[in-house]
Amino acid sequence: MGDFEKLKGMRVDDIYNKTYLAHKNIEAILNKEFDKLNKFKTTGFIGILEKSYNLDLSELKKEAEDYYNKLEEDANIALLKTQEEEPVKTYDKRLVWIFAGVVFVLILVILLSSDNNEQSSTIVQKNEETASTMQIDIIKDESAVVDEVLENSSGEDELEESATSTEDVKEEKVVVEIQESKKLETEVVIEQKEEQKVSVVAQSIQKITITPTRQIWLGVIYLDDYSKREYLTSSEIGLDTSRNQLILAGHGHLKVTIDGNDTTSSDDNRIRFLLQDGELKMIKRQDFRDLNKGKDW
Numbered sequence: 001m002g003d004f005e006k007l008k009g010m011r012v013d014d015i016y017n018k019t020y021l022a023h024k025n026i027e028a029i030l031n032k033e034f035d036k037l038n039k040f041k042t043t044g045f046i047g048i049l050e051k052s053y054n055l056d057l058s059e060l061k062k063e064a065e066d067y068y069n070k071l072e073e074d075a076n077i078a079l080l081k082t083q084e085e086e087p088v089k090t091y092d093k094r095l096v097w098i099f100a101g102v103v104f105v106l107i108l109v110i111l112l113s114s115d116n117n118e119q120s121s122t123i124v125q126k127n128e129e130t131a132s133t134m135q136i137d138i139i140k141d142e143s144a145v146v147d148e149v150l151e152n153s154s155g156e157d158e159l160e161e162s163a164t165s166t167e168d169v170k171e172e173k174v175v176v177e178i179q180e181s182k183k184l185e186t187e188v189v190i191e192q193k194e195e196q197k198v199s200v201v202a203q204s205i206q207k208i209t210i211t212p213t214r215q216i217w218l219g220v221i222y223l224d225d226y227s228k229r230e231y232l233t234s235s236e237i238g239l240d241t242s243r244n245q246l247i248l249a250g251h252g253h254l255k256v257t258i259d260g261n262d263t264t265s266s267d268d269n270r271i272r273f274l275l276q277d278g279e280l281k282m283i284k285r286q287d288f289r290d291l292n293k294g295k296d297w
């Protein structure tokens, strides 16, 4: 009996209790339903099963690789066919654009001819308006001469008033300069406070890492856009503390390090975290579902 046959003889619940792989993923591997998984997950799950039960599943890996390679080849062939059909569609689009261009030119010619007729009538109206405007300007020039004579008679009074107003302007200028100086000092103090505030925020950002004590599957859901990221590793995982996120771990045999302070866990069950505003805390399954639109993952 081959190693894969041994694996198929095991109960799905027993495999789950040892590997913490989801039931649907275990069933997909046992039934060779590679279409339900992607290449990355399939390879990783087979590796976990090999290590957990000390099995040689190289033949299963080969079947999976052949399946995904064929998918890629089929996708490339479909892409080539699409690219070959595109020139015909492009040619049809060109005919449509040429026809539209001809129609546009005809409409433009009609509009220009009608505009010329309107412009000729407008020129006649403007000539009549210009003649009447010249008469009005002559009358205005005569009245302007009379006004200038009257203004010269009151020139001496205006000189005295101008001297007084000049002194008032100087006093107002000094007051404005003092106010602007105080305003500048206030702006400098505000800028210094803003710089201190930015420095305090930068210092409060923490470095958080998760280090499993054995191989683990770990998923991250970023709450700003609900995009996902998955890890299958036994190495240290660094978290992006600038983004709020949900974290789901396949088991709790791990160490959490926050700014050099370690917290160790040895839970066999799945555990969940919430990283919000730079603070990491463990949450219950229901809280996780509430934050993830009712989904476990």
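Under the numbering used here, the first residue of the sequence shown is numbered 1, with each subsequent residue one higher.
Every residue, glycine too, gets a C-beta built ideally from N, C-alpha and C.
task = Return the first residue and the last residue of the beta strand (DSSP E) that tyrosine 231 is part of.
result = For tyrosine 231, the uninterrupted beta strand (DSSP E) run begins and ends at 228-233, by DSSP.
query = Which term fits histidine 251, buried or exposed, when burial requires 16 or more other beta carbons within 10 angstroms of its beta carbon?
reply = Classification of histidine 251: buried, given that the 10 Å Cβ count is 16 or more.
query = Roughly how far, in whole angstroms, is the beta-carbon of isoleucine 208 from the beta-carbon of isoleucine 258, given that I think they are within contact range, below 8 Å?
reply = About 5 Å; that satisfies the 8 Å criterion.
ask   = What span of residues does the beta strand (DSSP E) with phenylalanine 273 cover, start to end?
value = First-last of the beta strand (DSSP E) with phenylalanine 273: 271-276.
message = I'd like to check one pair, threonine 241 with glycine 278: are the Cβ atoms closer than 8 Å?
response = Contact: yes.
task = May I ask you to report which of helix, strand or coil DSSP gives serine 113?
result = Here serine 113 sits in helix by DSSP.
ask   = asparagine 261 lies in the beta strand (DSSP E); which residues open and close that run?
value = Counting along the chain, asparagine 261 sits inside the beta strand (DSSP E) bounded by residues 261-267.
ask   = Going by beta carbon distance, what residues of the same chain come within less than 8 Å of leucine 60, once the five residues before and after it are set aside?
value = For leucine 60, the CB contacts under 8 Å within the same chain, skipping 5 residues up- and downstream, are Phe4, Ile29, Lys32 and Ile46 in chain order.
query = Taking the alpha-carbon positions, what's the isoleucine 237 to lysine 93 distance?
reply = In a straight line, the C-alpha of isoleucine 237 is about 52 Å away from that of lysine 93.
message = Can you give me the C-alpha to C-alpha distance between glycine 44 and leucine 80, rounded to a whole angstrom?
response = So the alpha carbons of these two residues sit roughly 31 Å apart.
key: Endpoints, the beta strand (DSSP E) within which glutamine 215 is located   = Neither: glutamine 215 is in no beta strand (DSSP E) and is coded neither H nor E.
key: Distance between serine 265 and valine 220 (C-alpha atoms, nearest Å)   = It is roughly 19 Å from the alpha-carbon of valine 220 to the alpha-carbon of serine 265.
task = Consult DSSP for tyrosine 67 and reduce its assignment to one of helix, strand or coil.
result = Of the three classes helix, strand and coil, the one that applies to tyrosine 67 here is helix, per DSSP.
task = For the stretch 15-80, list the alpha helix (DSSP H) runs that are entirely contained and at least 4 residues long, ordered along the chain.
result = If we require 4 residues or more, the alpha helix (DSSP H) runs fully inside the stretch 15-80 come out as 23-30 and 39-53.
request  = Look at the alpha carbon of isoleucine 210 and the alpha carbon of alanine 64, and state the distance between them as a whole number of angstroms.
outcome  = Taking the straight line from one Cα to the other gives about 31 Å.
ask   = What is the rounded straight-line gap between the Cα of phenylalanine 99 and the Cα of leucine 106?
value = Those two C-alpha atoms are separated by around 11 Å.
Supposed contact pair glutamine 276 and glutamate 244 - C-beta distance, whole angstroms, cut 8 Å = The amino acid at residue 244 is misidentified as glutamate; the sequence shows asparagine. About 5 Å; that satisfies the 8 Å criterion.
ask   = In chain order, what residues of the same chain lie with their CB nearer than 6 Å to the CB of valine 256, ignoring the 5 residues before and after it?
value = Shown here for valine 256: same chain residues with a beta carbon closer than 6 Å to its own, the five before and five after excluded, namely Ile210 and Thr263 in chain order.
ask   = Which stretch, first to last residue, makes up the alpha helix (DSSP H) that contains glutamine 286?
value = Counting along the chain, the alpha helix (DSSP H) containing glutamine 286 begins and ends at 285-291.
ask   = If you count every other CB in all the chains shown that lies within 10 Å of the CB of alanine 78, and 16 or more means buried, which is it?
value = Alanine 78 comes out exposed.
Residue from Leu254, Asp267 and Leu280 whose Cα sits closest to the Cα of leucine 246 = Out of Leu254, Asp267 and Leu280, Leu280 has the C-alpha closest to the C-alpha of leucine 246.
inquiry  = Just verifying my parser: in three-state terms, what is the DSSP assignment at glutamine 245?
reply    = In the structure shown, the three-state DSSP call for glutamine 245 is strand.
ask   = Is tyrosine 68 near phenylalanine 34, with beta carbons less than 8 Å apart?
value = Cβ distance < 8 Å, so tyrosine 68 and phenylalanine 34 count as in contact.
inquiry  = Short of 6 Å in beta carbon distance, which residues of its chain neighbour isoleucine 50, apart from the five on each side in sequence? Order them along the chain.
reply    = It should be noted that the sequence gives glutamate, not isoleucine, for residue 50. Excluding its 5 nearest sequence neighbours in each direction, glutamate 50 has C-beta neighbours in its own chain below 6 Å: Leu57, listed in chain order.
message = Using the Cβ count rule (16 or more neighbours within 10 Å means buried), how would you classify lysine 82?
response = For the sequence presented, residue 82 should be read as threonine rather than lysine. Classification of threonine 82: exposed, given that the 10 Å Cβ count is below 16.
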